[in-house]
Every structure is written in structure tokens, then in C-alpha cells.
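J.: Structure incoming, see below.
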Amino acid sequence: MTTPVLFDVPGPKARRRIRIGTAVGVLVVVAIAVLVLVRLAGNGQLEAQRWAVLFDPASQVPQALGQALLRTLQVAIVGMVLATVLGLVLSVGRLSEHRWVRVVVTTSIEFFRAVPLLVLIFALYFLLPKFGIRLSAFWALVGGLVLYNAAVLAEIFRAGILSVDRGQREAAYGLGMRKTQVMTLVLLPQAVRRMLPVLIAQLVVLLKDTSLGFIISFPELLRGARGLVEFFTLQFGNQYTFQLYVAAAVIYIAINLVLSWLAQYVERRTRGNAKTAATTPTELPADVQMGGGGGVVPTVR
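Under full-length UniProt numbering, the first residue of the sequence shown is numbered 1, with each subsequent residue one higher.
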């Protein structure tokens, strides 16, 4: 059994205080939930007929939400694949032994990490047409997600590569492997397995960021819910507004819970796998820990 080095094991009094704090927190949350439910019930928002519209095929609400969810998943999947591939390429470029490659790649990474995602989406959708390049709302949203998340994933991959024990790299060179072979056969497999939980967590963020497509009128889940709200408001007033937004929120929460569960599952599996555990404690570079871009960039030789 290993001894924690980052914190002290709570004693009996500390554990008692933790239990009391947890109980108080639960009671506060329950009280807030009850208060909200009472207010909603008083406004008639919990009436069964208001929620039945979400499950009635004749209302076209399930079909509309399903189509919007499908478009959201399409953007998310394409964005995840492209961002992962581009992030991997950028991480390798930032670890290159050629200075000019490192400078170009590092500048690109820090630029796209610093620019807000919404600005990137706006630039791709509204600015590029002025230069003769016109993107659809789908590709403008995907492009913004890829550029931003690839920069973040590049740092995640770089941290994973640098966490691999230096001796394995030196042993691979000692066996006569080329740089490409060392990277693809020795470093990357171990780095990816170690960084899988963090990678999945970032992909969860990417999925949630698809809701920014609402700004450029891409019919993703949030925009689809908004369209239903506008339609039902014209027909019935604000009778179903709350229910439609809650339905969209529940769908987002369900998808993110599945991905979060997957991240926890992968973390448990990799934590118990001796092959993915570092042979010696490895400290990540300061710029990776703090999210900055300064400092000397280590190179892969």
C-alpha cells in the first residue's frame, strides 16, 4: 500500500468534519431542489400534459430533437477525429529537434489556445467569405472546434510523451531504431494510454462546445430546441418553453455522463495497468502544468 505524498490521511476528527460537511451540503441541495419544485408546481410547470408533448410523436418534438441530436453528434464526431489527428501532429512538431519547426508549431498552438472559440467560429463563418472562401455553418463550426481543441490536445499529447521514462527512449535508440520508429512504436503508444482519461475529458468539452453553433444558426441540439420553443410559443404561448429547454439539457447531460463514465473507466483500467505506470516519478513541464507557452521546449532526439 502506497503512502499519499500530496496530502495527509484524515484522522477521526477530520473524517467526522467531512461527514458533517457532506450531510449539510446534501441537505442544502435537497432544500434548494424542493424549493424549485414547489415554485414550478405553483406555476403549473409540472403538469403531466405539459411534459407529454416531449414523448408524443404527433407533436413532432421527439423527431425534431432526435434530428438535432444527430447533427450535434455529427459535428462532435468529425471535430473529435480531426482535432485528435491535428493535435497529435502538432505535439510531434513541437517536440521536433528542428528549431524552425518548433517555433512555427509553438506559435500556432499558443495562438489558437489564446483566441476564444467563439471568435474562431465567427472568423471562419463571417470573415473568410470576404477573401472568397465560403464555409457552410457545419464546417465553420467544425473548423473552430478543430483549431481550438487541436491546440489543447497537442499539449496533452506532449505532456504524455514527456512523461514516458527517458530510459525507454534511450534503449530504443540503442537498439538502432530511427526517430520515427521511436516515436510511433515506443513513445506514442504509452503516452496515449496514459493520457486517455484527459483526452476523453477534453472531448467532453468539445461535445458541449457544439452548442456554440447556435450563434451561426447551425441547427444543432440547442438551436433545435430554440426552434421548437419559437414554434410552440406562436401556437400556445409559453406553455411548453420550460419543458423543451429541460429536454435539451437532459440530453446534453446524458451524453456527457456517458463520456465522463468512460473517462473514469479508462482511468481505473490504466491506473491498475503496470505498463502505463511511469517507472520513475516524472514532473510535467511548467508550461504544460500552468497552460502557458514560455520556456525551453524539450526535443525528441
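Ideal placement from N, C-alpha and C gives every residue a C-beta, glycine not left out.
No experiment lies behind these values; they were computed from the predicted model shown.
Taking the alpha helix (DSSP H) that D209 falls in, what are its first and last residues?
T.: Here the alpha helix (DSSP H) through D209 covers 188-209.
J.: Exposed or buried, A278, counting other C-beta atoms within 10 Å across all chains shown (16 or more means buried)?
T.: Its pLDDT being 45, under 50, A278 is placed unreliably in this model, and the value from its coordinates should be taken loosely. Exposed, by the Cβ-count rule.
J.: In whole angstroms, give me the CA-to-CA distance for R169 and T184.
T.: One C-alpha to the other measures close to 11 Å.
J.: Pick out whichever of L262, Q239, R269 has its Cα sitting closest to the Cα of V53.
T.: Closest option to V53, Cα to Cα, is Q239.
J.: Using a 10 Å radius around the Cβ and a threshold of 16 neighbouring Cβ atoms, would you call R17 buried or exposed?
T.: Result: exposed.
J.: The alpha helix (DSSP H) spanning A171 covers which residue range?
T.: That run of the alpha helix (DSSP H) goes 166-174.
J.: Taking Cβ positions, are L70 and A150 nearer each other than 7 Å?
T.: No.
J.: Leaving out five residues on either side along the sequence, give the residues of the same chain with a beta carbon under 6 Å from the beta carbon of R113.
T.: Same-chain partners within the cutoff: A151.
J.: Just to confirm before moving on: does the CB-CB distance between V205 and V142 stay below 7 Å?
T.: No, Cβ-Cβ distance for V205 and V142 is not below 7 Å.
J.: Between the stretch 118-138 and the stretch 182-202, do at least 3 Cβ pairs fall closer than 8 Å?
T.: No: the two stretches stay apart, fewer than three of their Cβ pairs being nearer than 8 Å.
J.: Touch check for the stretch 227-245 and the stretch 189-197: three-plus C-beta pairs under 8 Å?
T.: They do not touch, by the three-pair rule.
J.: Quick one: Cα of T241 to Cα of T233, how far?
T.: So the two alpha carbons sit approximately 7 Å from each other.
J.: Count the C-beta pairs between the stretch 58-66 and the stretch 253-272 that are closer than 8 Å, then say yes if the count reaches three, no if not.
T.: With the cut-off at 8 Å, the stretch 58-66 and the stretch 253-272 do not touch.
J.: Please identify the residue among I251, L203, I32 whose C-alpha is closest to the C-alpha of A222.
T.: Inspection of the sequence shows that residue 222 is occupied by Leu rather than by Ala. The shortest C-alpha separation from L222 is found at I251.
J.: In its own chain, which residues sit with a C-beta less than 8 Å from the C-beta of L117, not counting the 5 before and 5 after it?
T.: Contacts found: G144, L145, Y148, D209, L212.
J.: Cα-Cα, which of A247, N256, L120 is closest to F55?
T.: Residue A247 is the option with its Cα nearest to F55.
J.: Could you give the DSSP three-state label for F55: helix, strand or coil?
T.: Three-state DSSP puts F55 in coil, outside helix and strand.
J.: Quick check: the Cα distance between Q49 and V34, rounded to an integer number of angstroms?
T.: Roughly 21 Å separates the two Cα atoms.
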